[in-house]
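Report on the following structure.
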Amino acid sequence: MPTIKSIETLIVQLPTRREHKWAGLTEVIGRYVMVKMTDSDGRVGWGEAPALKDWGGEFGRYFGESAMITRSVIETYLAPAIIGLELGNFAELHARMDAIIRGYPYSKAAVEFAAYDLTGRWLNVPVHTLLGGKARDKVGITHSIGLISIDEAKVEAAKLVAEGIKTIKVKIGVDPARDVKMVAAVREAAGEAMEICVDANEGYKTPGEAVQTVRQMEKYRLKYVEQPVMGIERISEVARRIDAPVMADESAWNAHDAIQIIAAGQVQIVSIYTTKAGGLYKAMEVGAVCRAAGIICNVNGSIETGIGNLANVQVAAASPAVTLSCVIPISTPAEAQHGQVGGIYYKDDLLVEPMRFSEGAIAVPTGPGMGIDVDIKKIEKYRVRD
């Protein structure tokens with residue numbers, strides 16, 4: 001049986017199509033850590049950590065991971081702990097990583113992604129087969145409009161309609177009056193057929209402020225309200241007082257968080273991350289807990305490059321709980337970009353071919369491993385040298 005032979009880390013920086021920010025974010029997206037894992041037969045698998053120092057759990061429960069922190073954790077602790085492990089033993093992979101260092105789920109996820117990619121390539125099956133099979137052939141895509149001007153948002157929303165996007169997520173949480181105007185403008189530009197959800201990234205100061213603001217938005221038909229304030233108990237209070245369903249994001253990292261959200265009541269949706277949970281194996285646990293409680297899910301992320309996006313698509317395909325459209329970029333190399341904006345956050349990507357998008361959804365790749373090969377030339381082009 002092949003074993004893990006070596007692990008290499010490198011940092012890339014993809015050029016962004018436009019600035020993409022949300023409440024609390026202070027750094028640029030796209031400067032992420034890639035993991036190259038090689039097995040004893042010479043096969044290669046890839047993983048990604050979209051590490052952002054500003055992205056952590058509430059009340060200090062989890063911590064931000066920068067690219068440099070992630071790289072250090074992987075090289076110093078995780079890689080030595082799993083070298084020699086046989087492919088396909090994901091339970092032992094996680095046991096070893098968790099034993100050598102507490103926390104750092106993004107670092108662990110990047111290593112685990114590469115292990116899944118490598119195992120799938122060894123067995124000549126897609127990763128969703130390793131996760132239990134496909135619950136769906138297509139994954140609906142939600143396009144995220146960041147903290148841009150209202151005029152820019154109106155133009156973008158109109159383009160999204162023309163491109164077949166069916167759900168828009170609007171970033172809010174900076175100023176209640178501005179936020180209400182933004183949602184009104186996006187609804188006007190996108191039309192009544194478009195599904196619209198909002199994401200405050202914990203930006204509102206109190207549950208009361210969140211409730212007052214959302215009530216003004218609800219006439220524009222909100223699909224859901226994502227993480228209006230910080231804290232499981234506090235988002236549950238908001239959920240109790242508004243009509244639109246509330247989604248937990250920053251409050252929901254792993255399966256234990258999902259149990260606490262269920263116990264608090266009121267919250268109807270949980271956003272699953274392959275990274276916050278610490279990898280695909282544990283993200284599937286989150287989905288299983290939510291499904292048992294009747295909570296529906298989407299898959300969300302930190303605007304990954306193609307390597308991380310493929311991992312997100314594989315979990316979205318495999319988890320029965322993921323019935324909502326997902327905030328997954330439509331990874332598209334520069335050669336396949338022709339001015340489209342739906343799901344496009346970068347001017348280029350790291351895959352040899354684009355994800356296949358039509359009628360508002362990505363077709364789940366069926367190739368071995370994560371499903372689409374990595375473009376080594378693009379890795380070298382966008383690599384950040386030490």
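Read in order, the letters of the sequence shown correspond to residues 1 to 386 in UniProt numbering.
Glycine residues also receive a C-beta, built at the ideal position from the N, C-alpha and C atoms.
These numbers were taken from a predicted model, which means no experiment stands behind them.
- For Ala-99, the enclosing alpha helix (DSSP H) covers residues 90-100.
- For Val-180, no beta strand (DSSP E) segment is defined; the enclosing uninterrupted segment is the alpha helix (DSSP H) at 176-190.
- Of the candidates Tyr-220, Trp-253, Thr-206, the residue whose Cα lies closest to the Cα of Val-174 is Thr-206.
- Between the beta-carbon of Trp-55 and that of Ser-302 there is about 6 Å, and that keeps the pair under the 8 Å contact cut.
- Under the Cβ criterion (8 Å, minimum of three pairs), the region 102-117 does not count as touching the region 133-141.
- Under the Cβ criterion (8 Å, minimum of three pairs), the region 67-74 does not count as touching the region 283-301.
- The straight-line gap separating the alpha-carbon atoms of Val-127 and Val-35 is approximately 17 Å.
- Look at the beta carbons and you see the region 230-243 not touching the region 176-194: under three pairs across the two are nearer than 8 Å.
- Annotation: Tyr-281 to Lys-166 spans about 29 Å, alpha carbon to alpha carbon.
- The region 190-199 makes contact with the region 218-228: 3 or more CB pairs, one atom from each, lie closer than 8 Å.
- Under DSSP, the beta-bridge partners assigned to Lys-36 are Glu-8, Trp-46.
- Burial state of Asp-348 is buried, judged by a 10 Å Cβ sphere holding 16 or more other Cβ atoms.
- For the pair Ile-261 and Ile-232, the CB atoms are nearer than the 8 Å cut-off.
- Given a length threshold of 4 residues, each whole run of the alpha helix (DSSP H) inside the region 252-297 is given here in chain order: 255-264, 280-293.
- For Asp-199, the enclosing beta strand (DSSP E) starts and ends at 195-199.
- By the Cβ neighbour-count rule, Ser-149 is exposed, with fewer than 16 other Cβ atoms within 10 Å of its own.
- Taking C-beta separations shorter than 6 Å and ignoring five residues to either side along the sequence, the partners of Thr-38 in its chain run Lys-5, Ser-6, Val-44, following chain order.
- A distance below 7 Å between beta-carbons, with the five flanking residues on each side excluded, links Ala-317 to the following residues of its chain, in chain order: His-128, Lys-134, Ala-135, Arg-136, Val-139, Val-364.
- According to the DSSP assignment, Ile-232 belongs to the alpha helix (DSSP H) that extends over 232-241.
- The three-state secondary structure of His-128, taken from DSSP, is helix.
- CA-CA distance, Ile-172 to Glu-163, rounds to 24 Å.
- Counting of Cβ neighbours within 10 angstroms places Phe-59 among the exposed residues, the total staying below 16.
- Under the 8 Å Cβ criterion, the region 102-114 does not count as touching the region 285-297, having fewer than three qualifying pairs.
- A check of alpha carbon separations from Leu-87 across Thr-366, Gly-342, Val-155, Asn-124 identifies Asn-124 as the nearest.
- Short of 8 Å from the beta carbon of Thr-274, and not among the five residues preceding or following it, lie these beta carbons of its own chain, in chain order: Ala-109, Phe-113, Leu-280, Ala-283, Val-299, Gly-301, Gly-308, Ala-311, Asn-312, Val-315.
- Of the residues Ile-344, Gly-371, Lys-378, Ala-277, the one whose Cα lies closest to the Cα of Gly-120 is Gly-371.
- Shortest Cα-Cα distance from Thr-3 to any of Asp-41, Val-33, Val-214 involves Asp-41.
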